[in-house]
Amino acid sequence: MSHTAHIPSHRKPRRSASKTALRAGVAGGVLSTIAVAGAAGPAQAEPVTQTIEMPTITAGLSTSVAASAQATQAVALDLETQATEDAAAATAAKTAKKAKAEAVRKAEARKKAEAAAEAKAQEAAERASRSAERTTLSASTGSSDSASSSSSSSSSSATGSAASVVAFAQSQVGDAYVSGGTGPNSWDCSGLVQAAFRTVGVDLPRVSQSQSTAGTQVSLDNLQPGDILYWGGAGSAYHVGIYVGGGQFVGAQNSSTGVVQKSLDYDPPSGAVRVL
């Protein structure tokens, strides 16, 4: 570079006199205006008598807290209601279960009582139908002896299947009487009759009511060995036995006598049916 070249100056340029005067005039005008406004105002300013309270954040916070408390209380009330309902349901279920158990117990007790009453009624009917059992021991012994003396002739009059039925029945004389007994050493009346006929392949009903209608009704004046005798009505009989001929029958009478062979006069039957 030439030593005569122009080097720019780094000093700030001086303000012109016109700009300086303009700025001074503006500043003076502003100050004059302030002075005039101050002079025009009242000599004494009124004291401040009212204050403005600015809202604070605590008001909104209180509202939120109250709403939250109400919501919590509502939830607690719902939970308490639900707990009450659950407790009531549990109590009701427990009461129902207890009532059901009591009903079952009473039903079982009633069933047992009915069964016992039925058994007693049957036993009473058998006792009532056997008035000859109140005779003296000697008279009973005489009847047994006469029955034994005629047993051979009555057996000989039976033939075929009837003879087998009669022979089986007579072979059980002296066995015990047990309600519901079906042998081989204890019987009830219908159990003995059913077993006797089973020896010849005849399957009779189990109870006396049904056995009394299991064959053809026959007159008591026209009996044959092997006929089924019954006491009571046909279809409602309470006792059965087997006619063995010679005016004799074999039957499981009761717990006092067991299985016996007796004359028809000992306990006259109501009717008879013929199966063979």
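Each residue of the sequence shown is one higher than the one before, counting from 274 in this note's numbering. Here a beta-carbon is modelled for each residue, glycine too, at the ideal position from N, C-alpha and C.
Exposure label - residue i; buried when at least 16 CB within 10 Å
| i | result |
| --- | --- |
| GLY506 | exposed |
| GLN343 | exposed |
| VAL348 | exposed |
| ASP540 | buried |
| ASN527 | buried |
| ALA363 | exposed |
| GLN346 | exposed |
| ALA382 | exposed |
| ALA442 | buried |
| SER529 | exposed |
For residue i, the three-state DSSP class (helix, strand or coil)
| i | result |
| --- | --- |
| SER434 | helix |
| THR354 | helix |
| GLN484 | helix |
| LEU537 | helix |
| ASN458 | coil |
| THR368 | helix |
| ALA510 | coil |
| GLN343 | helix |
| GLY579 | Beyond the ends of the chain as shown, which are 274 and 549, falls residue 579; an answer cannot be given. |
| LEU549 | coil |
| GLY474 | coil |
| LEU502 | strand |
| VAL517 | strand |
| GLY464 | helix |
| VAL491 | strand |
| GLN445 | coil |
| VAL348 | helix |
Sequence-distant residues of its chain with Cβ nearer than 8 Å to residue i (five each side left out)
| i | result |
| --- | --- |
| PRO542 | LEU493, LEU502, TYR503, TRP504, GLY514, PHE522 |
Closer than 6 Å: residue i CB and nearest the ligand FAD heavy atom
| i | result |
| --- | --- |
| TYR503 | Questions concerning the ligand FAD fall outside what the structure shown contains, since it holds no ligand whatsoever. |
Contacts around residue i, its chain only, beta-carbon distance under 7 Å, and the 5 residues preceding and following it disregarded
| i | result |
| --- | --- |
| VAL491 | ASP500, ALA545, VAL546, ARG547 |
| ALA356 | none |
| VAL446 | VAL523, VAL532, VAL533, GLN534 |
| PHE470 | VAL438, LEU477, VAL548 |
| VAL480 | SER463 |
| VAL475 | VAL548 |
| GLN482 | GLY508, SER509, ALA510 |
| THR432 | none |
| VAL473 | SER434, SER437, VAL438 |
Residues of its chain near residue i, where Cβ-Cβ distance is below 6 Å and the 5 sequence neighbours each way are ignored
| i | result |
| --- | --- |
| ALA525 | TYR450, TRP460, ASP461, CYS462, LEU465, VAL532 |
| LEU549 | SER434, ALA435, GLY499 |
| ALA338 | Looking at the sequence provided, one finds Val at residue 338 rather than Ala. Correct list: empty, nothing qualifies. |
| ASN458 | ASP448 |
Nearest-angstrom beta carbon gap, residue j and residue i [assumed within contact, 8 Å]
| i | j | result |
| --- | --- | --- |
| ALA468 | THR455 | 7 Å |
| GLY508 | THR486 | 5 Å |
| LEU496 | TYR516 | 5 Å |
Any C-beta of chain C under 7 Å from that of residue i
| i | result |
| --- | --- |
| ASP461 | Structure shown: chain C not included; a single protein chain is present. |
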